[in-house]
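Numbering (my numbering), first residue to last: 617 to 938. Just so you know, even glycine gets a beta-carbon here, dropped at the ideal spot from N, CA and C. Working notes for the structure below.
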Ligand code: RIB
Ligand code: CA
């Protein structure tokens, strides 16, 4: 499966990128970066650090948008740390971004492979919106757009809005009005059910290799925030669910919906989700249930394939299934 990952790494983006690489199930044609959780500069640096960590220097990285369409000055450094990876200071990569911009790469690659490329958007939708505005063939040539963003109910920045849509509501509005063949919206309704809870933190510590230690270490600030501010059982693994869905579509249940984006007022960034029946129009499919244990098994068995027993034990301690 040909994919392009559009991302603002970001702790959960990092876990999602490692999952995509270690699953060995994807032809990752490139990673395009966007400002979101942290500055664009840090998002780029973090992307290269991850690729170095998992020996994936064959994957090209492209510089995307350093600010939202309306230049909203919003980030999530209180969750992801000032450097975007929980303040962890690992060796900086020597690699540099490709000369081609993220937008040019996205447009060219999609148009040269019509109907074959799935875009996984894990950050604000700024880059995707620019592609739509700059090229009339882009939308119809994208095979599928999988978005981590939005929510049918609730928010994580305000009580109405999820961060990726809150950061760039104009971009989200353009994306949901553009008519892609297939849009899968994976929002907080399902992702907030996926904390890196204590049994899983202990699993990472027990595995004690370079990747498990890195994931544990970078998620400490986020875990403190998600526990103390959001009242969750650990750091919320939002972005990895997009990759888990591509690995096994049965990890979530989806329903047809028509999604509109609030662009102004106190509900700015809210995704207004109207569930569609057979007769009514829809512009996406929204995830409304997640199989917790299936997700955690997909994630950890791909990250640590030689630790099946330890993984089964840890997941067995987790309450709930859907
Ligand atoms: O609201 C969660 C989303 O915003 C995740 O993609 C996280 O990485 C941030 O980008
Ligand atoms: Ca993200």
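Residue i, DSSP secondary structure in three states
i           : result
residue 787 : helix
residue 900 : strand
residue 619 : strand
residue 749 : helix
residue 889 : strand
residue 929 : helix
residue 880 : coil
residue 875 : strand
residue 741 : coil
residue 905 : strand
residue 812 : strand
residue 773 : coil
residue 683 : coil
residue 851 : strand
residue 836 : helix
residue 843 : helix
residue 634 : helix
residue 922 : coil
residue 715 : coil
residue 760 : strand
residue 831 : helix
residue 643 : strand
residue 670 : coil
residue 806 : helix
residue 650 : coil
residue 704 : coil
Per-residue burial, residue i [other beta carbons within 10 Å of its own, 16 or more giving buried]
i           : result
residue 784 : buried
residue 695 : buried
residue 887 : buried
residue 563 : The chain is shown from 617 up to 938; residue 563 falls before or after that span and cannot be answered.
residue 673 : exposed
residue 802 : buried
residue 896 : exposed
residue 921 : exposed
residue 580 : Outside the modelled stretch of the chain, which goes from 617 to 938, sits residue 580, for which no answer is possible.
residue 730 : exposed
residue 891 : exposed
residue 651 : buried
residue 855 : buried
residue 653 : buried
residue 848 : buried
residue 882 : exposed
residue 809 : buried
residue 838 : buried
residue 864 : exposed
residue 624 : buried
Residue i vs residue j beta-carbon contact at 8 Å
i           : j           : result
residue 753 : residue 722 : no
residue 763 : residue 627 : no
residue 666 : residue 630 : yes
residue 860 : residue 915 : yes
residue 662 : residue 702 : no
residue 909 : residue 931 : yes
residue 852 : residue 811 : yes
residue 634 : residue 862 : no
residue 788 : residue 884 : no
residue 745 : residue 791 : yes
residue 713 : residue 660 : yes
residue 741 : residue 780 : yes
residue 827 : residue 669 : yes
residue 758 : residue 726 : yes
residue 778 : residue 686 : no
residue 678 : residue 716 : yes
residue 906 : residue 857 : yes
residue 807 : residue 618 : no
residue 675 : residue 813 : no
Any non-hydrogen atom of ligand 4 closer than 7 Å to residue i Cβ
i           : result
residue 645 : In the structure on display, ligand 4 does not appear, and the ligands it does have are ligand 1 and ligand 2.
Supposed contact pair residue j and residue i - C-beta distance, whole angstroms, cut 8 Å
i           : j           : result
residue 800 : residue 760 : 7 Å
residue 621 : residue 738 : 7 Å
residue 656 : residue 649 : 6 Å
residue 923 : residue 823 : 6 Å
Within-8 Å CB hit, residue i to chain D
i           : result
residue 927 : No chain D is present in this structure, which holds just one protein chain.
*Pair every Cβ in the region 752-771 with every Cβ in the region 704-715, then say whether three or more of these pairs are closer than 8 Å.*
no
*Three or more C-beta pairs closer than 8 Å, one from the region 793-805 and one from the region 675-693: is that the case here?*
no
*asked:* So, does the region 866-880 touch the region 638-648, judging by three or more C-beta pairs under 8 Å?
replied: no
*How about the region 914-930 and the region 803-823: do they share at least three Cβ pairs that are nearer than 8 Å?*
yes
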